[in-house]
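**Student:**
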Amino acid sequence: MFNKDRWKEILEVLTTNWFRTVLTAFGVFWGIFILIVLLAAGKGLENGINADFGDIATNTMFMWTRRTTKPYEGLPQDRRFEFQREDVQTIRDNVPNLRFISPRNQLGGFSSGGNNVVRGLNAGAYNVYGDYPEIINQDPMTVTSGRFINYNDINEKRKVAIIGQGVRNDLYEKGEEVLGTYIKIQGVNFLVVGTYKKNTSDGGEEAQKEIFVPFTAFSQAFNRGEEVGWMAITAHDGSSISVLKEKIVQVMKKKHKVHPEDNRAIGYFDLYEQYNRVESLFAGIRWIAIIVGTFVLISGIIGVSNIMLIVVKERTKEIGIRRALGESPWSIKKQILMESIFLTIISGMTGIVFGALIIYGINSLLDSVGPVDMFLNPSVSVGVVASALTVLIISGLLAGFIPANSAIRVRPIEALRNE
Amino acid sequence: MIEIKDLHKSYKMGSNSLHVLKGINFTCEDGELVAIMGSSGSGKSTLLNILGMLDGADSGEYILDGVPIKDLNETKAAQYRNKFLGFVFQSFNLINYKNALENVALPLYYQRVGRKERQEKALNYLERVGLKEWATHLPSELSGGQKQRVAIARAMAAEPKVLLADEPTGALDSKTSYEVMDLIQKINDEGNTILVVTHEEDIAHMCKRIVHLRDGVIVEDKKIEQVRAESYVQ
């Protein structure tokens, strides 16, 4: 393998006809290049969408009440009902493997359009949420100053608020101290104890314009009693919320005397299912990339095999001479195989390097123009590159196999007669 | 050195079979210089190919230096060729992208001689055929006579038992032919066994023994007075 003379010979043979060698190499180069770039583009798309999901716990569902559509146990159809705070405990008691159950209430946003928050002369329309401390795990945000809601706030029904960067920019002067000031939410004063910033890219401005207050304080201030607007439920990592949600909805139906077959009384949104759908889309894209890349690569390899056949044909006489001089058939076979593998690997490596350069270029372009929607950090893993190399070596072997066999099938006497 | 008994060989040409060698009996002692003559189609090249293990016989015995040559697979044949035989061809058959020195060193490479020793030996043989200064030249930069001398050096480099020359002067003018024959005679003087296939009378008479082939059989086998090629070379 590491025989200087053999390598010298391989180089001699391949450099004799530069143009042909380069054209042949281009086939393989192009195949692996396309493969790498396609995979990286798929990955970029995937990263982009994943960034849109952000840090949101994806194993999560949201659940809210609607009107019943079936009469049940003497109760009429079209009945309104609301989740209650005790429902959280009911779910916890009946459904295992749930990590967080956060009851939530909400003001503003899609329910009403007008300004609901006032500070001095400034006013704005924001989403105001009554929440438990756990919500920060389900809808992650970075607390940039002060603190988030804690259980003392919940227990003592403290009227405190954590506001987003967007709210702060609207209601405060630049550089003004925020912590310790009061804002008036629908006429009720809340003490600002923290500011946050969300890192999800899709929420954009809107995601920074939210206000979080303790659930209990919200209920008291805005007359919600024990009512719960909606719930965010996250399962433990091992179990899928898509499986558990049936059980949860069932438990809620039973508790609120909803007909078991009334599918419209409780609305829910399964984030995990959406996420999975997107995930499987990416798996599809990845497969398409692999298949397309592989086919292009195969055509490149057929090209190599073809050229090696021609090379062998051209060198029939030389091979005859070598055999007359006593070179063993296996040695000739090895020579042809190594030429083929060498050519394949060199051109494949060039393809990988070029692909990597293109990816690098696109990355730095993305960095300089800022984030592009649904596309982020295209890349290929070392594993992909390693398996591409393995494929190259094997395909080099395959490409050389037929020509090498045809090289030693010619008997030396016939090879020498060929003049 | 060479012993052949009742050698037969025929080629299949479609449905016909062409009987080329019809029972050849031939022995050759160590140090002989034998010319094998015959018109084209007489089977002389076929005989040489069988002697050179480039082709197999249909029946008959072939013993080379005490080793019976039969049922060879290609790997074995390649080994024997490398060890026992040196070839000189009419069309030189040098490898055209290798220079003279590399061409001569080739059989040594197949013998797994180390790189340095290989170079030394090859250079030594090139010197003996008078082409040391041309060592780094490609075959395309050499004249016909020079090419044949390189080919002879290559054939000798492996130190074979027998040198087989198939029309070694066939592609050369008479002056160059004599130079090549002079070289072959000198190699023979050192005790090497050489078989030369030729159809040229004057070349044949520079050997020590002439074997005439006609229609696949030996019709004449005589020892002759050798004509030295030196006398034609200035």
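Protein chains in written order, with the numbering used here: chain A, 1 to 419; chain B, 1 to 234. Ideal placement from N, C-alpha and C gives every residue a C-beta, glycine not left out.
1) Can you tell me whether L244 (chain A) is buried or exposed, with buried defined as 16 or more other CB within 10 angstroms of its CB?
2) Smallest Cα separation from I4 (chain B): which of B:F26, B:K12, B:M13 and B:Y178?
3) Residues in its own chain within less than 8 Å of E273 (chain A) by CB, not counting five upstream and five downstream?
4) Could you check which residue in A:G383, A:I185 and A:G361 has the C-alpha nearest to that of G171 (chain A)?
5) According to DSSP, is Q106 (chain A) helix, strand or coil?
6) Which chain B residues sit within Cβ distance under 8 Å of D5 (chain A)?
7) Just grab the DSSP bridge partners of D428 (chain A) for me.
8) Leaving out five residues before and five after S80 (chain A) in sequence, what residues of the same chain have Cβ atoms less than 7 Å from its Cβ?
9) Buried or exposed: where does R277 (chain A) fall if 16 or more other Cβ atoms within 10 Å of its Cβ makes it buried?
10) Name the residues in the segment 20-53 of chain B whose C-beta lies less than 8 Å from a C-beta of chain A; which are they?
11) For G164 (chain A) and Y196 (chain A), which I take to be in contact (beta-carbon distance under 8 Å), what is that distance rounded to the nearest angstrom?
12) Check whether chain B comes within 8 Å of S420 (chain A), counting only Cβ atoms and requiring the distance to be less than that.
13) Which residues share a DSSP beta bridge with L195 (chain B)?
14) At the 8 Å Cβ level, is S406 (chain A) part of the contact set with chain B, yes or no?
15) Could you confirm whether any beta carbon from chain B is found closer than 8 Å to the beta carbon of A324 (chain A)?
16) Would DSSP call V192 (chain A) helix, strand or coil?
17) Please confirm whether I393 (chain A) and I321 (chain A) have their CB atoms less than 8 Å apart.
18) Compare the C-beta of M1 (chain A) with all C-beta atoms of chain B and state if any pair is closer than 8 Å.
19) Compute the Euclidean distance between the alpha carbons of G216 (chain B) and I36 (chain B), then round it to the nearest angstrom.
20) Is G329 (chain A) close to chain B, meaning its C-beta is less than 8 Å from at least one C-beta of that chain?
21) Around the Cβ of F19 (chain A), are there at least 16 other Cβ atoms within 10 angstroms (buried) or fewer (exposed)?
22) At a Cβ cut of 7 Å, what residues of the segment 6-21 of chain A count as close to chain B, listed as they run along the chain?
23) Quick check on DSSP: helix, strand or coil for Y360 (chain A)?
24) For I310 (chain A), which residues in chain B fall below 9 Å Cβ to Cβ?
25) Is there a Cβ from chain A that is less than 8 Å from the Cβ of A57 (chain B)?
26) Name the DSSP bridge partner or partners of R154 (chain B)?
27) When you compare the CB of P412 (chain A) with every CB in chain B, is at least one pair closer than 8 Å?
28) For L164 (chain B), tell me which candidate among B:S39, B:K9, B:L54 and B:G14 has the shortest Cα-Cα distance.
29) Within the chosen definition, does the segment 84-102 of chain B reach the segment 130-137 of chain B through at least 3 CB pairs nearer than 8 Å?
30) Less than 8 Å between CB atoms is the rule here; does I95 (chain B) satisfy it with respect to chain A?
31) Beta strand (DSSP E) containing A235 (chain A): first to last residue?
32) Beta-carbon of I285 (chain A) versus every beta-carbon of chain B: anything under 8 Å?
33) Compare the C-beta of Q226 (chain B) with all C-beta atoms of chain A and state if any pair is closer than 8 Å.
34) Give the range of the beta strand (DSSP E) segment to which K443 (chain A) is assigned.
35) Where does E226 (chain A) fall in DSSP's three states?
36) Would you mind reading off the limits of the alpha helix (DSSP H) that contains L397 (chain A)?
**Tutor:** On the basis of the coordinates in this document:
1) By the Cβ-count criterion, L244 (chain A) is buried, with 16 or more other Cβ atoms from all chains shown falling within 10 Å of its own Cβ.
2) Looking at B:F26, B:K12, B:M13 and B:Y178, the one whose alpha-carbon comes closest to that of I4 (chain B) is B:F26.
3) So the list reads S242, once near-sequence residues are dropped.
4) Just to set this straight, residue 171 (chain A) is Leu in the shown sequence, not Gly. For the options A:G383, A:I185 and A:G361, the alpha carbon positioned closest to that of L171 (chain A) is the one of A:I185.
5) Taken through DSSP and simplified to helix, strand or coil, Q106 (chain A) comes out as strand.
6) Ordered by position in chain B, the residues that pass the 8 Å Cβ test against D5 (chain A) are Y109 and R115.
7) The structure shown does not extend to residue 428 (chain A), since chain A is modelled only from 1 through 419, so no value can be given for it.
8) The question names Ser, but residue 80 (chain A) in the sequence shown is Arg. Excluding positions up to five away in sequence, the list reads R67.
9) Exposed.
10) Here the close residues are N49 and G52.
11) About 6 Å separates the CB atoms of G164 (chain A) and Y196 (chain A); that is less than 8 Å, so the two are in contact.
12) What the structure shows of chain A is the stretch from 1 to 419, and residue 420 (chain A) is not part of that stretch, so it cannot be assessed.
13) Per the DSSP secondary-structure output, L195 (chain B) pairs in a beta bridge with B:V34 and B:L164.
14) For S406 (chain A), the nearest beta carbon of chain B is not closer than 8 Å to its own beta carbon.
15) It does: the Cβ of A324 (chain A) has a partner Cβ on chain B nearer than 8 Å.
16) Residue state, collapsed to three classes: strand.
17) Cβ atoms of I393 (chain A) and I321 (chain A): not closer than 8 Å.
18) Only weak support exists for where M1 (chain A) lies, its pLDDT of 47 falling under 50; the value from the coordinates is given anyway. For M1 (chain A), the answer is no, since every Cβ of chain B falls outside 8 Å of its Cβ.
19) Cα to Cα, the separation comes out at about 12 Å.
20) Correcting the residue identity first, residue 329 (chain A) is Pro in this sequence and not Gly. Residue contact check for P329 (chain A) against chain B: a CB pair falls below 8 Å.
21) Per the 10 Å Cβ criterion, exposed.
22) The residues in question are E12 and T16.
23) Judged by DSSP in its simplified three-state form, Y360 (chain A) adopts helix.
24) For I310 (chain A), none of the residues of chain B pass the 9 Å Cβ criterion, the least Cβ distance being about 16 Å.
25) When Cβ-Cβ separations below 8 Å define contact, A57 (chain B) makes no contact with chain A.
26) The partner list for R154 (chain B) (beta bridge, DSSP) is empty, contrary to what the question assumes.
27) Cβ-Cβ to chain B under 8 Å: yes for P412 (chain A).
28) Of the candidates B:S39, B:K9, B:L54 and B:G14, the one whose C-alpha sits nearest the C-alpha of L164 (chain B) is B:L54.
29) Verdict: yes, contact present.
30) For I95 (chain B), the nearest CB of chain A lies under 8 Å from its own CB, placing it at the interface with that chain.
31) For A235 (chain A), the enclosing beta strand (DSSP E) covers residues W230 to A235.
32) For I285 (chain A), the answer is no, since every Cβ of chain B falls outside 8 Å of its Cβ.
33) No, because no Cβ of chain A sits closer than 8 Å to the Cβ of Q226 (chain B).
34) In the structure as shown, chain A starts at 1 and stops at 419, and residue 443 (chain A) therefore has no counterpart that could be examined.
35) Coil at E226 (chain A), not helix or strand.
36) That run of the alpha helix (DSSP H) goes V382 to R409.
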